[in-house]
């Protein structure tokens, strides 16, 4: 099993690769790719920083008593939510940042986690196997 | 009621819609708090599993957090970049 540090590095690398692929695709598909790419990078940086904040919150929360851990996590979630709100507000009001790009950048971390942790090749290999064969 | 135009109606409905959309942010907050509480209980019971518990919590919370962002995105679009206003002309 991977350590927390290895998992974080793998996911951040995955986000970088995904954003790179989407940037190249936007050059091909869009007439004016610059605002979209700025949005993608802006959203991806925000999501990676959010991910890091989640790690810091989780690693502190597990050392607290359960009721305190609960309130601490919710408080930090609300701070992160507000930061995301400010980022989306900036994207909506600024003309040189595409808000769709920002949203895709913010969601990129979710897609990378789903790809790395849930959609594993072994999952699809074993899906049609009987329990006795596994 | 006479002075109310279509634009005013759309703006009022957008403000109500934005308020309703932000409610989506409450769910992940409660869920993350509950998960953290259970994680702390788990670490108390089995301290050697701390790394694995943090890893699972980290991934779960990162996925849950994006669900709240959907609502926030809809709310901000309705308030600051409303596409419905453009449709009115």
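Chains as they are written, first to last, in our numbering: chain A, 257 to 390; chain B, 43 to 131.
For each residue, glycine too, the CB sits at the ideal point set by N, CA and C.
- By the rule that beta-carbons nearer than 7 Å mark a contact, residue 129 of chain B does not touch chain A.
- When Cβ pairs closer than 8 Å are counted between the two stretches, the segment 109 to 117 of chain B is seen to touch the segment 337 to 350 of chain A, the count reaching three or more.
- Spanning the alpha carbons of residue 48 of chain B and residue 54 of chain B requires a straight line of approximately 10 Å.
- The shortest C-alpha to C-alpha distance from residue 309 of chain A to any of A/264, A/291 and A/290 is the one to A/264.
- Taking C-beta separations shorter than 8 Å and ignoring five residues to either side along the sequence, the partners of residue 270 of chain A in its chain run 368, 371 and 372, following chain order.
- Within chain B, no residue has its beta carbon less than 8 Å from that of residue 302 of chain A; the closest one is some 10 Å off.
- Assignment of alpha helix (DSSP H) within the segment 344 to 390 of chain A, counting only whole runs of 4 or more residues, yields 355 to 369 and 377 to 382 in chain order.
- When only Cα atoms are considered, residue 305 of chain A and residue 362 of chain A end up about 10 Å apart.
- Residue 88 of chain B carries a coil assignment under DSSP once its states are collapsed to helix, strand and coil.
- At a Cβ-Cβ threshold of 7 Å, residue 289 of chain A and residue 283 of chain A count as neighbours.
- Interface annotation, residue 291 of chain A: not in contact with chain B, CB-CB separation never under 7 Å.
- A residue is called buried when at least 16 other Cβ atoms come within 10 angstroms of its Cβ; residue 354 of chain A meets this threshold and is buried.
- At a cut-off of 7 Å between C-beta atoms, residue 371 of chain A does not count as an interface residue with respect to chain B.
- One Cα belongs to residue 70 of chain B, the other to residue 44 of chain B, and the distance between them is close to 42 Å.
- Residue 118 of chain B is a Cβ neighbour of residue 344 of chain A, given a cutoff of 7 Å.
- Judged by beta-carbon spacing, residue 384 of chain A lies beyond the 7 Å limit of residue 104 of chain B, meaning their Cβ atoms are not closer than that value.
- Rounded to whole angstroms, the Cβ separation of residue 300 of chain A and residue 275 of chain A is 5 Å, and the two are in contact under 8 Å.
- Residue 311 of chain A belongs to the set of residues whose beta carbon lies under 7 Å from a beta carbon in chain B.
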